[in-house]
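The structure appears right after this line, and notes come after that.
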Amino acid sequence: MAVRVQSAAFDYGAECAAFAQGAGDAGAVVTFAGIVRDEGGRLSAMEIEHYPGMTERALAAIEDEARERWHLSDALIIHRFGPLAPGEIIMMVATAARHRGDAFAAAEYLMDYLKSRAPFWKKETTAKGDAGWVDARESDEAALKRW
Amino acid sequence: MAVRVQSAAFDYGAECAAFAQGAGDAGAVVTFAGIVRDEGGRLSAMEIEHYPGMTERALAAIEDEARERWHLSDALIIHRFGPLAPGEIIMMVATAARHRGDAFAAAEYLMDYLKSRAPFWKKETTAKGDAGWVDARESDEAALKRW
Amino acid sequence: MKLRVLYFAWIRERIGEPREDVETEADTVSALIAQLRAREERYALAFSDLSAVRVALDQELADMDAPLAGVREVAFFPPMTGG
Amino acid sequence: MKLRVLYFAWIRERIGEPREDVETEADTVSALIAQLRAREERYALAFSDLSAVRVALDQELADMDAPLAGVREVAFFPPMTGG
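Chain order of the listed sequences is A, B, C and D.
Here the first sequence stands for residues 25 to 171, where the numbers follow our numbering.
Here the second sequence stands for residues 25 to 171, where the numbers follow our numbering.
Here the third sequence stands for residues 3 to 85, where the numbers follow our numbering.
Here the fourth sequence stands for residues 3 to 85, where the numbers follow our numbering.
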């Protein structure tokens with residue numbers, strides 16, 4: 025189990041491989057990666073602000089909750105902050121479980137809660153140079169109701 | 025979109041990285057990996073038999089169906105056959121979509137159909153040397169009903 | 003007509019070979035199975051519990067009462083266990 | 003009492019600073035916001051639409067009517083958009 029919040033890029037492929045390697049007797053590994061879109065050339069940059077201290081606490085609490093709800097042999101959350109370019113990987117989660125149902129459900133749960141309950145805020149800069157904060161999507165808040 | 029059925033091992037981390045790299049404007053990438061368990065030392069080997077020709081057709085049909093149901097920018101299925109050892113990765117699926125809901129749902133759909141509708145059969149050998157075919161799980165057949 | 007018949011997993015093991023050509027007048031999968039069961043004990047054993055047998059016609063899953071007209075390849079196997 | 007107050011994202015931008023120490027007698031988050039709004043136009047602007055404001059007390063999400071007794075750090079920010 026681990027939570028990492030960092031400005032540095034991380035090697036998504038290497039993280040996936042190491043997680044699966046360490047998943048041991050799990051049998052099922054699910055990963056999710058979030059990537060900065062360029063919206064067909066409309067966006068040129070993204071900046072992610074976060075709340076140091078609370079971010080780590082919130083992510084660890086979400087991970088703990090997932091471990092209580094499902095039989096997980098391992099879980100991982102990595103989330104970047106600071107400036108990112110289109111195509112860069114913003115964050116990933118990974119879950120390992122004996123059965124795929126648990127691994128999928130826990131990964132979706134981690135994502136749903138991370139989206140709306142971990143203190144990150146995205147600011148986009150368009151190719152024209154306009155910068156603006158990304159609005160929270162109502163569908164993200166609604167997604168929490170299913171758990 | 026791709027389907028690969030092969031006896032050779034594949035580099036799961038490299039496949040994840042390449043898939044995310046190529047996911048372009050997708051934003052959301054989900055992967056699943058199935059790993060040979062050793063059941064706490066009870067199992068020593070697994071052999072996967074398949075139906076050459078039908079396997080590729082069945083997987084391509086499942087992938088096509090997923091593309092019709094969800095907005096996917098890409099999908100990948102890799103499945104091994106032949107002898108495998110505990111800890112080895114049996115197979116993976118990956119999906120890329122603009123929204124995470126589509127990527128998660130499509131990955132679960134691919135797994136549910138692959139489990140019960142693609143012509144693979146697992147034979148396990150225990151540490152004691154007993155070999156036996158793995159029984160299909162009723163829960164896997166039941167999982168298809170939700171789609 | 004002559005059909006190419008394939009067997010997989012424990013059905014293959016019970017019958018003792020992975021494939022054979024079968025000369026048959028059977029018009030459905032069920033009729034073909036009845037013909038095979040009548041052949042030898044190893045076939046009767048392989049097809050003793052049809053709830054555990056799946057069939058594909060020309061590499062597409064089919065039902066036991068599916069017609070064999072125009073079919074070239076029939077495959078019998080247990081429920082699939084991939085992933 | 004003295005509170006450490008933090009601002010994030012567009013609330014930080016509107017107020018013009020990321021953190022400050024605030025001397026207050028406010029007993030709830032709402033009362034603290036009322037005190038801040040009364041200070042200057044930039045605070046009034048930052049807190050003009052409370053449906054778009056979230057609050058954390060000592061790094062835990064809280065409601066607007068949560069009591070401030072014993073709290074050392076209050077953070078105001080818009081709805082979160084991680085992932």
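Backbone N, C-alpha and C define an ideal beta-carbon position, used for all residues, glycine too.
Item, Value
"Nonlocal neighbours in the same chain, by C-beta distance under 6 angstroms from residue 54 of chain A, ignoring five residues either side", "119, 127, 128, 131"
"Terminal residues of the beta strand (DSSP E) in which residue 78 of chain D lies", "75-79"
"DSSP-derived helix/strand/coil call for residue 1 of chain C", "Any question about residue 1 of chain C goes unanswered here, given that chain C covers just 3 to 85."
"CB contact flag (residue 103 of chain A, residue 144 of chain A, <9 angstroms)", "yes"
"Test: residue 108 of chain B CB closer than 9 angstroms to a CB of chain C", "no"
"Reduced DSSP secondary structure (H/G/I, E/B, other) of residue 65 of chain D", "coil"
"Selection of the segment 34-58 of chain B by Cβ proximity to chain A, strictly under 7 angstroms", "36, 37, 38, 40, 41, 44, 47, 49, 50, 51, 52, 53, 54, 55, 56, 57, 58"
"Run of the alpha helix (DSSP H) containing residue 58 of chain C, from where it starts to where it stops", "No alpha helix (DSSP H) holds residue 58 of chain C; the beta strand (DSSP E) holding it covers 56-59."
"In DSSP terms, what residue 144 of chain B is bridged to", "B/74"
"Pairwise C-alpha distance: residue 74 of chain B and residue 30 of chain B", "10 angstroms"
"Local conformation of residue 128 of chain A per DSSP, three classes", "helix"
"Where the alpha helix (DSSP H) containing residue 6 of chain C begins and where it ends", "Not the alpha helix (DSSP H): residue 6 of chain C falls in the beta strand (DSSP E), residues 4-9."
"Exposure of residue 29 of chain D, with buried meaning 16 or more beta-carbon neighbours within 10 Å", "exposed"
"Beta carbon proximity, residue 113 of chain A to chain B, threshold 9 angstroms", "yes"
"Near-chain B residues of the segment 9-43 of chain C - C-beta to any C-beta below 7 angstroms", "10, 11, 12"
"Where the alpha helix (DSSP H) through residue 163 of chain B begins and ends", "162-167"
"Contact set for residue 141 of chain B: own chain, Cβ-Cβ below 7 angstroms, skip 5 residues either direction", "82, 86"
"Extent of the continuous beta strand (DSSP E) to which residue 27 of chain B belongs", "26-30"
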